[in-house]
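Protein chains in written order, with the working numbering: chain A, 96 to 643; chain B, 53 to 330. A short write-up of the structure that comes next.
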Amino acid sequence: MAVWESSAADISPPAVAHAPSWATTVDHKQIGILYIVTSLVFLAVGGLEALVIRAQLWKPDSHLVGPEVFNQMFTMHGTTMIFFVVMPMLFGFGNYLVPLMIGARDMAFPRLNAFSYWMFAFGGAVTYLSFLAGGAPDVGWFAYAPLTEYAFSRGTSTDYWILGILISGIGTLATAVNLVTTILTMRAPGMSLGKVPLFVWMMMFDGILLIFALPPVTAAIIMLLLDRSLGAHFFDTQAGGSAILWQHLFWFFGHPEVYVMALPAFGIISEVVPVFSRKVIFGYESVAAATVAIGVLSMGVWAHHMFTVGMSDALDAIFSGASFLIAVPTGIKMFNWIATIYGGKLVLASPMLFALGFLAMFLIGGLTGIMLAAVPIDWQVSDTYFVVGHFHYVLFGGSLFAIMAAFYYWFPKATGRMMDERLARWQFWLMLAGFNLTFFPMHIAGLLGMPRRIYTYSADRGWTIWNQLSTVGAAMLAVCFAVFFWNLFDSVRRGAPAGDDPWDAWTLEWATTSPPAPYNFEQIPLVRSRRPLWDLKHPEDPDWEHES
Amino acid sequence: MNSQGQHNAHGDEVGESIVMPVPTAAPLVLSLGATLLAAGIVTNLVLSALGAVVLLWGVAVWVLQLLPGRGEHEHALVAMEMRPQPIAKAIIAVAPRPTSFIRRMQVPAQIHPYSSSVWGGIVGGIAMSGVALAYGVVSGRGIWYPVNLLAAMLMPAFATADNAELERFDGTALALGLVIHGMVSAGAGLIYGMLLPTLPRWPALWGGIVAPLLWTGGVYSFMGVLNPVMNARVDWPWFVASQVVYGLTAGFVVVHSKTVSVGQTGRGSGNETGSPPR
Chain A
96 MAVWESSAAD ISPPAVAHAP SWATTVDHKQ IGILYIVTSL VFLAVGGLEA LVIRAQLWKP
156 DSHLVGPEVF NQMFTMHGTT MIFFVVMPML FGFGNYLVPL MIGARDMAFP RLNAFSYWMF
216 AFGGAVTYLS FLAGGAPDVG WFAYAPLTEY AFSRGTSTDY WILGILISGI GTLATAVNLV
276 TTILTMRAPG MSLGKVPLFV WMMMFDGILL IFALPPVTAA IIMLLLDRSL GAHFFDTQAG
336 GSAILWQHLF WFFGHPEVYV MALPAFGIIS EVVPVFSRKV IFGYESVAAA TVAIGVLSMG
396 VWAHHMFTVG MSDALDAIFS GASFLIAVPT GIKMFNWIAT IYGGKLVLAS PMLFALGFLA
456 MFLIGGLTGI MLAAVPIDWQ VSDTYFVVGH FHYVLFGGSL FAIMAAFYYW FPKATGRMMD
516 ERLARWQFWL MLAGFNLTFF PMHIAGLLGM PRRIYTYSAD RGWTIWNQLS TVGAAMLAVC
576 FAVFFWNLFD SVRRGAPAGD DPWDAWTLEW ATTSPPAPYN FEQIPLVRSR RPLWDLKHPE
636 DPDWEHES
Chain B
53 MNSQGQHNAH GDEVGESIVM PVPTAAPLVL SLGATLLAAG IVTNLVLSAL GAVVLLWGVA
113 VWVLQLLPGR GEHEHALVAM EMRPQPIAKA IIAVAPRPTS FIRRMQVPAQ IHPYSSSVWG
173 GIVGGIAMSG VALAYGVVSG RGIWYPVNLL AAMLMPAFAT ADNAELERFD GTALALGLVI
233 HGMVSAGAGL IYGMLLPTLP RWPALWGGIV APLLWTGGVY SFMGVLNPVM NARVDWPWFV
293 ASQVVYGLTA GFVVVHSKTV SVGQTGRGSG NETGSPPR
């Protein structure tokens, strides 16, 4: 890979040089970095909670932590990873990259953008303040009513969960509106929607998905708060309320939420794979169309989380069918990425390694997802560790592998320095091995009947070996993330200068300095194809001669 | 933008400054206020009151930012040496651009006509019927037994029928059995004919042995759902034999039909690579 001459030789980045400005910044790049750094802090905390869970399950009849603490750990781990790690991390990348990729100077609403970040940060803080107020939430990340009603969940821990999610949710909704508006209104001249980078496509549909999916769960959370605080009975079955209503409202958000976390990851992969395969993405239109299809279909599959609640056979069949159907556009994307790789001149740098890891892990998660879409199988393994294994393959294997690819790919743009490639490879192999060692045995434990959320088990169940493998894998993941954090920390200070365009890439963010000036571009670029930098680098064969 | 006639590294004319939003604490203050307002619900309502004040303060600061001339400023361009380098012509080799949207070789280049595939399927179906009838005779169940078992897929009345009933002639069952058998035979022949040119050598092996065995394996797994009556009574060795006879016969007909060329689309017809067309 060529390292292009740096235009910011002293690596004194204009966007990050003024430390006191972080609290008042409205610059999308600084806000993106704030999102990412805050998410990394939460990642470390959520990871520690996972380690407590795995340490507790290391051996049968363990009393390392009691059931109360165990419940708090898995609740906070799930809540943290979904609401305060994966989603905001992806929003961080979206914040940083979308205006750069579309040739804009900032987001459409810069102050609203800052507001979104602070709401997310304060929402996370409120959730964690519960530790200081008598105990963390212990009701699971889905907080099923009526178990979260005051009768079954005394104290204030559940209220902290409600308020934390509510506050950060408002910020998330604002970000969604901001992203969609930015992409629809602030693209560079010539950049039609058919020419935006696929990451931007994915972020736009991410925003649209959130705008539809978040209000119902926000309403549900407020209803739960009213139940608990003011004696309303929305979910109180003994007073005419409905327990199933919570599940419908929650999962109407909860399933699209999976795609809210997956779509930006798909976008990252759609940027990384072509650059490191040295080929144009195979089937740009079909990737974009599949994104739309996934967005639409994901709104109609929420009840596949509820096959065991006793809905009618007809409803089960409809949601099962819709769930199977969503495999089609997802499969189209997989084939597009593989077709892009096929026959390419592969450069196995760290972003590509993580992208390949994503493809393999997400495929496994997708296949077990298809199994779970079948009602009879879901009935058998619902609420077992099989499901835990499945969704970790989707969310960790899918999102976090892609996020790592994004870190290694765009870190040079944000800091002007390269990350250490040797450490990156150590991290990749540790992550790949640790991930599979942690989560694959969960499928087997689940098939052997191990339920989710149990804090211990007896030795005669046959689950011990699978739990021990998982715990060893979790320890490997801890080492992997320690390597990653060190690499980040060290590379910011001592990484090799990156230059403007270290990967010889094709999208607009690489046309400006690393890191970019606060205004991104002196002149808003004119775009003629999906790969504007390709056009400049290959004047003998520009893309715009081939694109309609 | 304030244009002063300077030029950037690309030679484009640029100004000395660019209008950008002014940094402000309003979003931070507003969100802090909202958080305190909410946090008071679980702690003390005094906190909520404080939060309301902070929130209003944040709103006020924010609104002030929106007044003309308050929320934006002229941001000076960074020093010349920190501006982007001109984008140079690529020095790295890349894979040739895929030419599939213009020209793509259709593989296989020679196929059997679809009509011969359908005919092959029908002839195979007739041969298969012979095996089924032979089974009826040899087993002592009679020649109507196999067709009644097949028709049971669509005839609820046969769900509880005993063997004696299934051995009798039934006009409806015969009609349904012929329709089912004819459609499946012709459809399978069509698929067979389409696949045959793409398979490696020994079409008799693929079509006569491998495909029937795979098909039988598939049928074995879902026969209980598809046709419980047949599932309870089917004689699997005879079933496999009938599938093999079907495969061999259909394959014989298809293989002996005259192949035709597949029309190649686009400007070229080969698998050429290189520079894309202009």
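Ideal Cβ placement from N, Cα and C applies to all residues, glycine included. Bear in mind that the values here come from a model prediction, so they are computed numbers and not experimental data.
Take B:Gly229, set aside five residues on each side of it, and the residues of its chain with a beta-carbon closer than 6 angstroms to its own are Val199, Leu202, Ala203, in chain order. Within the same chain, and ignoring the five residues on either side of A:Leu258 in sequence, the residues whose Cβ sits closer than 6 angstroms to its Cβ are Val221. If you draw a 10 Å sphere on the C-beta of A:Phe178, you find 16 or more other C-beta atoms in it, and that means buried. A:Thr170 is the residue among A:Asp156, A:Asp599, A:Thr170, A:Ile128 whose C-alpha sits nearest the C-alpha of A:Gly142.
Judged by DSSP in its simplified three-state form, B:Met207 adopts coil rather than helix or strand. Collapsing the DSSP output to three states places A:Glu163 in a helix. By the CB criterion at 7 angstroms, A:Thr276 and A:Ala203 fall inside the cutoff. Listed along chain A is no residue with a C-beta nearer than 7 angstroms to that of B:Arg122; the closest approach is about 12 angstroms.
Within the model, the alpha-carbon separation for A:Leu288 versus A:Pro310 is close to 27 angstroms. For A:Ile262, the neighbours in chain B by C-beta distance under 7 angstroms run, in chain order, Ala86, Thr87, Ala90. When 9 angstroms is used as the limit between beta carbons, A:Met318 is near no residue of chain B, the shortest such separation being about 14 angstroms. At a cut-off of 7 angstroms between beta-carbon atoms, A:Pro205 makes contact with chain B. For A:Ile436, the CB contacts under 7 angstroms within the same chain, skipping 5 residues up- and downstream, are Val368, Ser372 in chain order. Residues Met571, Val574, Cys575, Val578 of the same chain have their beta carbon placed closer than 7 angstroms to that of A:Leu525, with the five preceding and five following residues left out of the count. In this structure, A:Asp478 lies away from A:Pro536, with their beta-carbon atoms at least 7 angstroms apart.
Pairing A:Gly461 with A:Val489, the inter-Cα distance amounts to about 7 angstroms. Residues Thr435, Gly439 of the same chain have their beta carbon placed closer than 6 angstroms to that of A:Lys374, with the five preceding and five following residues left out of the count.
In the DSSP assignment, A:Pro446 forms no beta bridge with any residue. Inter-residue distance for B:Asp287 and B:Gly176 is about 20 angstroms (C-alpha atoms, whole angstroms).
For A:Phe481, the closest of A:Leu441, A:Trp558, A:Ala600 by C-alpha to C-alpha distance is A:Trp558. By the beta-carbon neighbour count (other beta carbons within 10 angstroms, threshold 16), B:Gly241 is buried. Under DSSP, A:Glu144 takes part in no beta bridge, so it has no partner. According to the DSSP secondary-structure assignment, B:Val312 is paired through a beta bridge with B:Ile163. In the DSSP assignment, A:Asn208 falls within the alpha helix (DSSP H) that extends over 205–224. By the criterion of at least three beta-carbon pairs nearer than 8 angstroms, the segment 99–107 of chain B is not in contact with the segment 124–143 of chain B. The shortest CA-to-CA distance from A:Ala385 to any of A:Ala216, A:Trp432, A:Gly416, A:Leu321 is the one to A:Trp432.
Between A:Ser134 and A:Met356, the gap from beta carbon to beta carbon reaches 7 angstroms or more. B:Met132 sits exposed, since fewer than 16 C-beta atoms from the chains shown fall within 10 Å of its C-beta.
Against chain A, a Cβ distance below 7 angstroms from B:Leu102 picks out nothing, because the smallest value is about 14 angstroms. Assignment of A:Arg512 by DSSP, reduced to helix, strand and coil, places it in the strand class. Note on B:Gln295: 16 or more other CB atoms within 10 angstroms of its CB, so buried under the neighbour-count rule. Each of A:Val391, A:Phe329, A:His399 was checked against the Cα of A:Thr425, and the nearest Cα belongs to A:Val391. Between B:Gly245 and B:Val306, the gap from beta carbon to beta carbon is short of 7 angstroms. With respect to A:Trp341, A:His400 sits apart: the two C-beta atoms are not nearer than 7 angstroms.
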